[in-house]
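In what follows, a single structure is set out as structure tokens and then discussed.
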Amino acid sequence: MILTSLSRTWQLLLLSAKTDSELKTATVKLVDYLKQHRDFNLADVAYTLQQEQKAFKHRRMVVCRDIEDAIAALEDPRRVLTNIQETEKRPVAFMFPGLGTHYVNMAWELYQGESIFRERVDYCCEFLIPLLNQDLRDVIYPKRASQQSQQSSQESSEGLDLRKMLGRTQTQADALTVTATSLLNQTHLAQPAIFMIEYALSQLLISWGMHPQAMIGYSIGEYVAATLAGVLSLEEGLKLIAARAQIIQKLPGGAMLAVPLSRTEILPLLNDKLSLSAVNGPCMGVIAGEINAIEVLEQQLIKKGLACRRLETSHAFHSHMMKGVGSELRELLKTFNLQPPQIPYISNVTGTWITAAEATNVDYWVKHLCQAVLFGPGMQELWKKLHPILLEVGPGQTLGSFAPQCIENNPAVSQLILPSLRYSYDKKPDLAFLLKSLGRLWLAGVEIDWAEFYTHERPASVPLPAYLF
Numbered sequence: 000m001i002l003t004s005l006s007r008t009w010q011l012l013l014l015s016a017k018t019d020s021e022l023k024t025a026t027v028k029l030v031d032y033l034k035q036h037r038d039f040n041l042a043d044v045a046y047t048l049q050q051e052q053k054a055f056k057h058r059r060m061v062v063c064r065d066i067e068d069a070i071a072a073l074e075d076p077r078r079v080l081t082n083i084q085e086t087e088k089r090p091v092a093f094m095f096p097g098l099g100t101h102y103v104n105m106a107w108e109l110y111q112g113e114s115i116f117r118e119r120v121d122y123c124c125e126f127l128i129p130l131l132n133q134d135l136r137d138v139i140y141p142k143r144a145s146q147q148s149q150q151s152s153q154e155s156s157e158g159l160d161l162r163k164m165l166g167r168t169q170t171q172a173d174a175l176t177v178t179a180t181s182l183l184n185q186t187h188l189a190q191p192a193i194f195m196i197e198y199a200l201s202q203l204l205i206s207w208g209m210h211p212q213a214m215i216g217y218s219i220g221e222y223v224a225a226t227l228a229g230v231l232s233l234e235e236g237l238k239l240i241a242a243r244a245q246i247i248q249k250l251p252g253g254a255m256l257a258v259p260l261s262r263t264e265i266l267p268l269l270n271d272k273l274s275l276s277a278v279n280g281p282c283m284g285v286i287a288g289e290i291n292a293i294e295v296l297e298q299q300l301i302k303k304g305l306a307c308r309r310l311e312t313s314h315a316f317h318s319h320m321m322k323g324v325g326s327e328l329r330e331l332l333k334t335f336n337l338q339p340p341q342i343p344y345i346s347n348v349t350g351t352w353i354t355a356a357e358a359t360n361v362d363y364w365v366k367h368l369c370q371a372v373l374f375g376p377g378m379q380e381l382w383k384k385l386h387p388i389l390l391e392v393g394p395g396q397t398l399g400s401f402a403p404q405c406i407e408n409n410p411a412v413s414q415l416i417l418p419s420l421r422y423s424y425d426k427k428p429d430l431a432f433l434l435k436s437l438g439r440l441w442l443a444g445v446e447i448d449w450a451e452f453y454t455h456e457r458p459a460s461v462p463l464p465a466y467l468f
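With numbering that gives the first Met the number 0, the residue at position 427 of the sequence shown is 426, and numbering never jumps.
So this is what it looks like as structure tokens:
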């Protein structure tokens, strides 16, 4: 048996060949070989396939746990993904979502197992402690403190019932999650948490070779894009998002309503109590404003047969109700050293590419707080120029569901829109979920930096069927 250091709990197996028939043959040969070498470490097999086989046009991938799971997966058409690489390589664009899909324990497995992600999260949380009077890790990862206590106790005492010693029953653990969820849904914690997770995840992806050639954010997602682009330093981004969230937290509550209407159809419905908050697509908009006014509008639209949906939110974001705090935000921004963007990204305010003059103008960021998010027009502009592979960097697939409705139907250019983190209700393991998207990027021809992917592991090359190489 070939021994290696501790490896990831899930692995990505890749195969390629010059023709479809050769790819099928290679798959059969690999399965047969694994059946004869069940003592191999799957991490070594994955590493050998990634590093030593030449990447041809016909490609196949599967995500699996161990040798037995790999054999089962490679023989299951439902788990194997196959693709013919496009002739021209396409750029990758990052999409950063805003509030709404965050949840307790988002990316928890990545925090446990991916050191780059964990280091970025730890740095951000420690920087934010004096700004928030709260360690966000205790909110997002309530299991973390319990695990640390267990580990410490285990090191000092052998043979003890740690659960009894800690008083941690399943009921108490569930109660801890409920409490953390209530905390995380508060604006002053939710916004920094989303920013931090998206920033840390983007750094992990970049370390694996996923360098975005363009970006688009949604609301606070644009702050992540601006930080990656160098408009804001990480520390400025954290200060800004924390202050912005705390300022908003003090405002009167508001409501938001998603409506199946175009921007032109929405404008006549607005008044001094209602604002256009977002344009998510040709017939997808959001109206925000005072709670009573939103309730009246909702009933009016329902009577007309329109399927409206109230958003779970504490405030009327991107509306006239934000204007009262613009001056406070402006004063903070004056202390920053805003720089021109080094990576192109789309502006929520204009719905097109941000300019250096806008990115470095304090007033732009005040407008960003108060004006509608023009995601739909922005996505159309992004697609028109680049036809990129779209990678949603953050929890859920909200932007991935908006994007197809904004993109022109061009049969010559396939839409490839990928998630990176699961929704809260999706129980797939975080790493397996992310590796599947990484594999689909490779299927499309994106080059992965495998050396960096294995920076913190030491897998070994193993002898595999010569045909594979």
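The C-beta atom is built at its ideal place from N, Cα and C for all residues, glycine as well.
Residue burial is scored here from C-beta neighbours: Gln298 has fewer than 16 other C-beta atoms within 10 angstroms and is therefore classed as exposed. Inclusion of Ile286 and Leu268 in the CB contact set at 8 Å is warranted, their separation being smaller than that value. A distance below 6 Å between beta-carbons, with the five flanking residues on each side excluded, links Ala225 to the following residues of its chain, in chain order: Leu231. In the three-state reduction of the DSSP assignment, Val223 falls in the helix class, which pools H, G and I. The stretch 261-278 and the stretch 233-245 do not touch, with fewer than three beta-carbon pairs separated by less than 8 Å.
Between Val278 and Leu373, the C-beta spacing is below 8 Å. Counting along the chain, the unbroken alpha helix (DSSP H) around Gly438 starts and ends at 429-442. Under the three-state reduction of DSSP, Phe374 is assigned to helix. Here Leu188 carries a helix assignment [DSSP, helix/strand/coil]. Cβ contact annotation for His187 (same chain, cutoff 8 Å, sequence separation greater than five): Leu131, Ala241, Ala244, Gln245, Ile247, Gln248, in chain order. Taking C-beta separations shorter than 7 Å and ignoring five residues to either side along the sequence, the partners of Gln133 in its chain run Leu188, following chain order. When secondary structure is reduced to three states using DSSP, Tyr344 falls in the strand class. DSSP places Ala277 in the uninterrupted beta strand (DSSP E) bounded by 273-280.
Ser400: not part of any beta strand (DSSP E); member of the alpha helix (DSSP H) spanning 397-405, first to last residue. For Tyr424, the number of other beta carbons within 10 angstroms of its own is below 16, and it is reported as exposed. Taking 4 residues as the minimum length, the alpha helix (DSSP H) runs contained wholly in the stretch 15-65 are 19-35, 41-51, in order along the chain.
In the three-state scheme derived from DSSP, where H, G and I count as helix and E and B as strand, Thr263 is classed as helix. Comparing C-alpha distances from Gly216 to each of Gly375, Ile128, Leu430 shows the shortest one belongs to Gly375. Selection Ser15, Met209, Ile196, Val91 evaluated against Ala54 yields Ser15 as nearest (Cα-Cα). Non-local C-beta neighbours of Leu182 in its own chain, meaning closer than 7 Å and more than five positions away in sequence, comprise Val138, Leu188, ordered along the chain.
8 Å or more divides the Cβ of Val392 from the Cβ of His367. The beta-bridge partner set that DSSP reports for Trp352 consists of Ile345. Within the stretch 84-118, the complete beta strand (DSSP E) segments of 3 residues or longer fall at 91-95, listed in chain order. DSSP places Val285 within a strand segment (E or B) once states are collapsed to three. Here Ala45 is near Leu12, since their CB atoms are less than 8 Å apart. Taken through DSSP and simplified to helix, strand or coil, Met209 comes out as coil.
For Glu451, the enclosing alpha helix (DSSP H) has its first and last residue at 449-452. Boundaries cannot be given for Ala459, as no beta strand (DSSP E) includes it and DSSP labels it neither H nor E. Gly304 is not bridged by DSSP to any residue. In the displayed model, Leu417 falls within a strand according to three-state DSSP. Straight-line measurement puts the Cα of Gln414 at about 12 Å from the Cα of Ser400. Counting along the chain, Leu463 sits inside no alpha helix (DSSP H), nor does DSSP assign it H or E at all.
Here Pro340 has Ala225, Ala228, Gly229, Val230, Ile353, Ala355, Ala358 as same chain residues with Cβ atoms under 8 Å from its own Cβ, once five neighbours each way along the sequence are excluded. Annotation for Leu390: the continuous beta strand (DSSP E) segment containing it runs 388-391. Take Ala431, set aside five residues on each side of it, and the residues of its chain with a beta-carbon closer than 7 Å to its own are Trp9, Val62, in chain order. For Asn82, the three-state secondary structure derived from DSSP is strand.
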